[in-house]
Each structure stands twice: as structure tokens, then as C-alpha cells.
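Residue 67 is where the sequence shown starts when you use this note's numbering, and the numbers rise one by one after that.
Where a beta carbon is used, it is the ideal one built from N, C-alpha and C, also for glycine.
So the structure is just underneath, and the comments pick up after that.
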Amino acid sequence: MKVPFGDLKLHYQQYKTEIDQAVSRVLHSGHFILGPELEAFEKEFAALHGQGHAIGCASGTEAIYLALAACDVGPGDNVIVVAHTAVPTISAISMTGAMPVFVDIDTETYVMDVKQIEDLITLRTKAIVPVHLYGQMVDMESLLKIAAKHKLSVIEDVAQATGATYRNVIAGTLGDFGAFSFYPSKNIGAFGDGGAVFSKSKEKAQKLSMLRNYGQSKRYHHNVIGINSRFDEIQAAIMQCRLPYLKEWNERRKQIADRYTKGLANLSGLVKTPFTHPDNDHVFHLYVIQIEEREELQSYLSDKGIQALIHYPIPAHLQEAYSYLGYRKGTLPVTEHITKRILSLPMYPELSDEQIDFVINTIQNFFSERKTGLSSIKDAEIKTVMHSNSVAVTR
Ligand SMILES: Cc1ncc(COP(=O)(O)O)c(C=O)c1O
């Protein structure tokens, strides 16, 4: 049996009719940029998040960049963020000219350890970017208290957590801005690149809307220095078809996570399954286990047709591109510890129960084979020792 990490072809086939109709509608309209499809999508996406405004843009990376820019983050500023994230979170900060300042993560949830933030705040600190990694949100109440006390902007990186909640509040609506990615494999993805920014504030949303379109308030009136980061009409039409399924897909992800966790329970001590904080509704963009023999298991799974990946093998503070910041190994002990042990198992709504059970059984076989392997190595060692002793005796 083959278990790929994701299967976007299968996904498209399931929704082919409505997607094809949406694409065809746009192609026949002749309107490809900033038109009625984007307007409709932005309204629906905002409605999903309660009272507020959504602005489509070209990617999750630019969603974070635009939100930071709308908060006037720029050269000379510091932005507090985790190193355990997809590097684009950090790229977006660098794009503003600001400097990322890394904070370690919580040992259980793998997201920002909010208790460590205050030690890093200086006069230069302008914003915090909590990353709701793997589908689970950061402790936002504590974070927002710190941000308010020090007058810092908060931009939530929701790329991996669309639809997740913290104390029943949906991700992306607690900070000044929520930045979303519609990269195809996300919990809700486009069929290409895309992103969006949510804000409860009309003024902030208006500024962001200018920033994503050359800084224009209206044609040829450039009020701020902006870029081109627009979400095109074809993708916006596709996303309208997809929004109604978000809840159902997230539910299926949770079921899959539950099945993995129950199936791996007898390996506790060898495999650490994900922890969901009671404040959170975790939407499992990724199902990440921790295991000492990570490389061995990954290649064992690969040999059996199962694709498991690592999110992420090198934390941002140890990436060559960020060496100029001067971080050394050992500065973020929890991040660096888990980076060597984490492994993401296949996770997407179309995964069948048979495939999940196959992954679970294969992981169990890995351990039982190792146990037998180890005991036969031990037996062989004992025999060799006995043999060499007996040789010594006979001599
Ligand atoms: C946590 C996180 N932030 C930001 C991004 C960037 O999103 P995009 O690929 O749409 O630019 C990603 C996507 O990989 C992500 O996982």
C-alpha cells in the first residue's frame, strides 16, 4: 500500500465539477485581477472569522509582510518570533527591514513559549508574530497582555491553523492582523499560491488593501509605498467553492489524528504523540510525533511506501541566511532538541482508515523488528564473549 504525504490530484478529482465550473466562469468573464470573485471571497472569508475585514494577497509570506508593513514595522525594529516555523515567517519579517528576535518554544505544544517573551523586549521591539504551528494556537491571552503592556503589534501567522480556535475564538482574529496562506496543501488551499489578511479594524484593512496594490487608494493615487501582492480572480473563485468544506476537512483531520494517537498509544515511551492544550481546538495541519530513531523510522516507512517528512529539520536561527544575526547552537534548547526528533506522518482529509492503520502497524513493526534485531545482536554478543572466554580458557 502507498501512503503519500498528501494527494492533491485525488483532492481535485473529488471536487472537479465545481472547481472546473468556477475556473470556467472566470475565464469567460474576462476579468482576472481585483474583480467580483475576490470581493465575494473576501466577504465570505471575513464572515467565517466573525466581524471584520479580509484582504486577499499573493501568498502567506506576503500576508505576514503586508500586515507588518501596515503596522509600520521597518528598519531598526525588532520582531519577536519563534525559530521553529516555516522559514517564510522569518522571510516576511526580513522583507520589512526589521530584525527577527527568536524565542524558544513550549516543550509540549511546540509553539511560542510566551513566558519567555518579556525577557527579549527592548526599546526596539515593535511586534510579536505568534505562529500557530501544526494547527494549534499559541497561548494568546498571556501574549496579548504582554503586547498591550509594551504597546506591541501582534500579527498571527495562521498559515497552518485556518479554522483552529483558542478558548473558542477563531485563529487570526485576536491580534492586529491574522495572516493566512492558501498554499495548496494547507487546511484550505488554493490551486496555486495565495493568502489573505484578516483584521477587525476597517482602517487597518484599508491600509493593507492599498499596500497590496501598489499603495493606491484609487487608480493612480499612491498614498503609501506598496507592492503587487494580489489574489487573482481564478484562485478567488476556486476558494469560494472550497470555503464551505473547511469545517468538514478539519473534522476529518482531527479524526485521523485521533486514530493515529490511539493506534500508537502502546508505544508510549518510544513515540511521543502530539499534545493538544485544553484551551485549543487543534486542526492538525500536521501530525507530528517525536522519536529518538527519527531517520531510521523515516527510511523504514519510506521502504514500505509511506512518506513521512520533517517540519522542520533546521530551525531558522541556525539557517545560513540568518547567520548574520549571530545565534549559536544551544541558544534555543527546546527548539534544537525537538528539531532532531520530530517526524510528520501523512495527514490530509482523503487519507483512508486503512492507510492510517497501515502507517500505525508499520511503526509498530519497526519497533518490534528492532527489538528482535537488538536481542539477536545481544545474543550474538554474549555468544562471542562466551566463545572468546572459552578460547582464552583452553589456551
Ligand atoms: C507557518 C507558515 N508561515 C508562513 C508560510 C508561508 O506561506 P506561503 O507559502 O503561502 O507563502 C507557511 C507556508 O509554508 C507556513 O507554514
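From what residue to what residue does the beta strand (DSSP E) around residue 81 run? Per DSSP, residue 81 belongs to no beta strand (DSSP E) and is neither H nor E.
Does DSSP put residue 400 in a helix, a strand or coil? helix
Run the proximity test for residue 125: is its beta-carbon closer than 8 angstroms to any non-hydrogen atom belonging to ligand 1? yes
Please confirm whether residue 343 and residue 184 have their CB atoms less than 9 angstroms apart. no
What does the alpha-carbon distance come out to for the pair residue 293 and residue 280? 5 angstroms
Could you pull out every residue in the same chain whose Cβ sits closer than 8 angstroms to the Cβ of residue 79, ignoring the five residues on either side in sequence? none
Spatial distance of residue 21 from residue 237 (CA atoms): Nothing in the structure corresponds to residue 21, since the chain is present only between 67 and 461.
Count the other CB atoms, across all protein chains shown, that sit within 10 Å of the CB of residue 419; report buried if there are 16 or more and exposed otherwise. exposed
For ligand 1, any of its heavy atoms closer than 8 angstroms to the Cβ of residue 432? no
Is residue 226 helix, strand or coil by DSSP? coil
Please report how far the alpha carbon of residue 263 lies from the alpha carbon of residue 196, in whole angstroms. 15 angstroms
Span separating the alpha-carbon of residue 378 from that of residue 407: 10 angstroms
Among all the DSSP beta bridges, which residues are the ones paired with residue 123? 261
Taking the beta strand (DSSP E) that residue 144 belongs to, which residues open and close that run? 144-148
Other residues of its chain near residue 304: CB distance less than 8 angstroms, five sequence neighbours each side excluded: 85, 88, 89, 256 and 257
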